[in-house]
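This is the structure in structure tokens:
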């Protein structure tokens with residue numbers, strides 16, 4: 001879809017037919033126009049293209065651009081034009097863009113906005129990133145409890161073009177406190193003279209602006225909602241989070257979790273725009289930490305130097321044994337971390353999951369022990385193969401159990417279970433693997449007197 | 001929210017007040033009632049609870065239950081009651097439940113359904129899992145192109161209770177071919193006498209039922225849609241995918257990707273319900289494969305046995321060196337895999353990403369080389385530390401570049417980039433790490449004549 005649309009835009013631009021371009025921009029989805037600009041980004045060309053759009057399309061397209069490009073374009077625009085653009089943008093998107101601008105431009109912009117827009121912008125951009133407040137919008141429709149269905153429908157009709165959704169109308173009192181919600185579905189099926197307070201839903205699911213943004217996505221997904229109201233501590237309606245913003249939150253959160261699973265810190269604004277310096281900072285801490293953690297494995301090897309010198313053939317099997325513990329552990333940890341995150345596994349399931357993992361990893365360990373015994377017997381005698389096979393079983397068991405227990409332990413300590421990343425589990429499994437393998441070798445093969 | 005609601009249900013059940021329970025079920029979100037039943041699942045108690053719900057609530061709650069519990073309850077229900085339940089369920093959810101039943105029960109159920117429901121059920125459950133067809137619903141509202149706005153609104157009002165969404169109405173011709181879409185927003189803002197064909201949107205984004213389900217989520221999220229129509233090759237409307245189903249798809253797909261990143265195969269129906277046998281089967285293949293892949297590392301060590309025997313102190317640094325390459329590689333691979341999946345990084349970005357990674361990993365490698373040189377000098381002489389520091393730099397560089405290149409390579413071969421899992425990248429990095437380390441040691445330290 002989008003690739004075809006990009007090609008179509010290119011074609012019309014090359015043809016030089018200005019009217020055709022204007023028409024095209026009116027009918028094509030804003031997301032695709034933005035995608036085209038992002039892919040072929042060049043400051044003055046992009047500004048020239050935006051000039052060919054109606055103010056509404058311009059505002060919508062601008063909202064879809066990559067943050068990096070929004071920032072560059074905004075700082076190259078005449079402030080008056082930027083203020084005009086801001087007036088047409090949805091309130092949550094302009095707050096995001098506003099946060100990207102430098103202080104001088106923010107001030108210049110503010111002076112050109114009407115008081116209402118100014119207050120709204122300041123309020124929305126005051127919430128910390130990652131909170132519900134930072135993803136909510138103030139473009140929602142409100143109706144009074146005392147009115148009728150007919151009255152509410154008329155009001156929705158009038159305000160429809162400015163609102164992000166009119167499929168939910170929020171019922172408020174004189175102090176803007178949220179009283180209830182009416183869906184447009186209920187409104188059009190109700191009789192025109194019915195009173196709003198008689199048909200509104202009052203048993204509401206609400207958020208507060210300081211909750212983590214992930215909570216809004218979790219609740220919207222759990223209850224299949226189009227939007228969810230955000231209220232202050234005193235019950236005043238301060239915004240709504242819509243399903244489409246919740247989907248963006250899910251994508252952001254899952255990206256963060258996946259990065260964390262490989263010990264990469266939170267990257268703002270996408271990988272493509274991330275600077276070398278930022279990528280370095282987000283990766284170095286854990287890498288250095290793990291270097292030191294791996295000293296334990298080295299110390300284990302040093303401790304068994306005599307055994308190794310005597311049976312140097314043992315070294316051949318070292319990498320595959322310790323890697324196996326880490327791999328099985330990473331599997332178990334990943335299953336648990338994701339299970340906890342989606343709510344599939346709760347704290348009360350701890351013992352059951354541990355028991356299941358014991359059985360699964362027993363099966364895995366046995367299979368892998370047999371596999372390595374078959375192949376390894378070509379390389380080493382039966383005594384060493386016994387050590388290798390027994391070690392494999394023990395290492396896979398221990399690695400898997402570490403993988404199950406670590407996320408639960410972190411969860412119980414109210415840390416993020418995702419800290420039990422594959423590299424961390426692997427490092428711990430490595431160290432125990434060294435001890436198990438050479439410990440078993442020393443006790444079964446004995447230390448020869450050299 | 002849900003924990004409070006669970007407590008409330010418990011309380012009312014214990015009080016024995018039947019009417020209070022009936023009232024509670026009428027007002028509480030179905031997702032929470034289902035959550036309570038799932039958490040406290042016991043066949044006959046659950047059936048007794050469902051008996052206290054109105055048919056509509058019963059159908060909605062049943063749709064929210066875990067697949068495992070749906071299956072158990074369905075097979076313990078009287079077939080007539082199950083058929084009644086099916087009539088009230090949404091068409092996509094009942095198709096999912098139907099697929100869980102055994103053939104005998106499926107037949108018995110079919111005989112009790114009206115022809116319309118039977119055809120719909122057969123059609124929806126005929127699509128392969130993982131396709132758009134398997135997540136779409138047939139509970140959408142259709143209107144003729146020739147009618148007026150007033151006529152369309154009347155029709156939506158009448159059919160509202162049975163439809164998953166009435167916020168999009170699909171305009172079809174006599175052969176059920178999709179002509180356009182009108183949103184309820186447009187309908188209520190248009191004049192009553194306007195004709196549908198004059199206000200409908202005809203430049204449509206559509207799906208086909210055989211597309212991968214992930215595509216529906218990607219498009220709904222990209223274009224911020226409430227629902228997206230699914231059409232056959234001949235343009236006939238066969239279903240819609242709604243935003244809430246798309247959110248479920250995102251969760252499923254991200255779960256699958258995360259599992260894949262740790263070499264775990266696709267687990268059907270949640271971790272909690274997965275059997276020991278299934279977990280074993282989904283984990284064993286890659287584990288055994290990686291055991292054999294790790295033989296390369298072992299062979300590398302064996303090849304350098306003489307060097308190792310001469311400088312046994314080298315072994316102390318082996319685990320941390322090879323782990324560092326794997327860890328840096330896993331970071332790079334995870335960033336790429338997720339970047340490709342979200343569309344943040346495209347094929348044309350390959351060179352730019354590789355160049356960036358070269359700089360980042362140079363910085364990472366230098367930092368880690370300095371860190372290990374400082375600590376390691378307590379343990380080994382300057383010649384060995386030179387070998388260790390240089391190896392660290394080279395290993396981190398090579399590991400990172402493998403991490404960047406492998407996902408792109410897989411992507412180019414039209415394989416799933418997520419196959420470049422942390423364990424696979426680590427295994428490859430381990431083998432190269434062994435060669436780099438001992439190769440460098442042999443050439444710098446020289447092979448002593450014993």
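Protein chains in written order, with UniProt numbering: chain Y, 1 to 450; chain X, 1 to 450. Each residue gets a CB set at the ideal place from its N, CA and C atoms; glycine is no exception.
- At a cut-off of 8 Å between C-beta atoms, residue 259/X counts as an interface residue with respect to chain Y.
- For residue 444/Y, the number of other beta carbons within 10 angstroms of its own is below 16, and it is reported as exposed.
- Here residue 126/X is exposed, its C-beta having fewer than 16 other C-beta atoms within 10 Å.
- Under the Cβ criterion (8 Å, minimum of three pairs), the segment 321 to 328 of chain Y does not count as touching the segment 232 to 243 of chain X.
- Between residue 385/X and residue 399/X, the CB-CB gap reaches or exceeds 8 Å.
- In the assembly as shown, residue 133/Y is a buried residue. Its beta-carbon has 16 or more other beta-carbons within 10 Å.
- Residue 80/Y holds the alpha-carbon nearest to the alpha-carbon of residue 114/Y among 80/Y, 26/Y, 99/Y and 100/Y.
- Our two residues, residue 311/X and residue 263/Y, have alpha carbons roughly 33 Å apart in a direct line.
- For residue 214/Y, there are no neighbours in chain X by C-beta distance under 9 Å, as the nearest C-beta there is about 12 Å away.
- At a beta-carbon threshold of 8 Å, the residues of chain Y lying near residue 305/X are 312 and 315, ordered along the chain.
- Chain Y has no Cβ within less than 8 Å of the Cβ of residue 373/X.
- At the C-beta level, residue 368/Y and residue 276/X stay beyond 8 Å of one another.
- Sequence-distant Cβ neighbours of residue 345/X in its own chain, meaning closer than 8 Å and more than five residues away, are 336, 339 and 353.
- Runs of the beta strand (DSSP E) lying entirely within the segment 92 to 156 of chain X and spanning at least 3 residues, in chain order: 140 to 144.
- Exposure of residue 347/Y is indicated by the presence of fewer than 16 other C-beta atoms within 10 angstroms of its C-beta.
- Taking the Cβ atoms as the reference, residue 440/Y lies roughly 5 Å from residue 391/Y, within the contact range of under 8 Å.
- Measuring C-alpha to C-alpha distances from residue 438/Y to each of 10/Y, 65/Y and 304/Y identifies 304/Y as the nearest.
- Counting every other CB atom within 10 Å of its CB across the protein chains shown gives residue 3/X a total below 16, marking it as exposed.
- Residues of the segment 328 to 342 of chain Y with a Cβ closer than 7 Å to any Cβ of chain X, in chain order: 328, 330, 331, 334, 335, 338, 339 and 342.
- Looking at the backbone, the Cα of residue 317/X and that of residue 96/X are separated by about 54 Å.
- Here the segment 175 to 194 of chain Y makes no contact with the segment 210 to 218 of chain Y; the two share fewer than three CB pairs at distances below 8 Å.
- Sixteen is the threshold: since fewer than 16 other Cβ atoms of the shown chains lie within 10 Å of the Cβ of residue 266/X, the residue is exposed.
- Listed as beta-bridge partners of residue 9/X by DSSP are no residues whatsoever.
- The C-beta of residue 148/Y comes no closer than 8 Å to any C-beta of chain X.
- When the beta-carbon positions are compared, residue 299/Y and residue 427/Y stay at least 8 Å from each other.
- Straight across, the Cα-Cα distance linking residue 230/X with residue 199/X is about 21 Å.
- If you draw a straight line from the Cα of residue 288/Y to the Cα of residue 334/Y, it comes to about 22 Å.
- The residues 20, 21 and 24, in chain order, have a CB closer than 7 Å to that of residue 12/Y in the same chain once the five nearest residues on each side in sequence are set aside.
- Rounded to the nearest angstrom, the Cβ distance from residue 309/X to residue 421/X is 35 Å, too far for a contact under 8 Å.
- Scanning the segment 199 to 286 of chain X from its first residue to its last, the whole beta strand (DSSP E) runs of 3-plus residues come out as 227 to 231 and 237 to 242.
- From the beta-carbon of residue 251/X, the residues of chain Y found nearer than 8 Å are 221, 250 and 342.
- Between residue 65/Y and residue 43/Y, the C-beta spacing is not below 8 Å.
- Listed in chain order, the non-local C-beta contacts of residue 216/Y below 6 Å within the same chain comprise 132, 207, 241 and 246, local neighbours out to five positions each way being set aside.
- For residue 266/Y, there are no neighbours in chain X by C-beta distance under 8 Å, as the nearest C-beta there is about 12 Å away.
- Residue-level contact check: residue 385/X does not touch chain Y, since none of the beta carbons of chain Y fall below 8 Å from its beta carbon.
- In the DSSP secondary-structure assignment, residue 180/X is bridged to 171/X.
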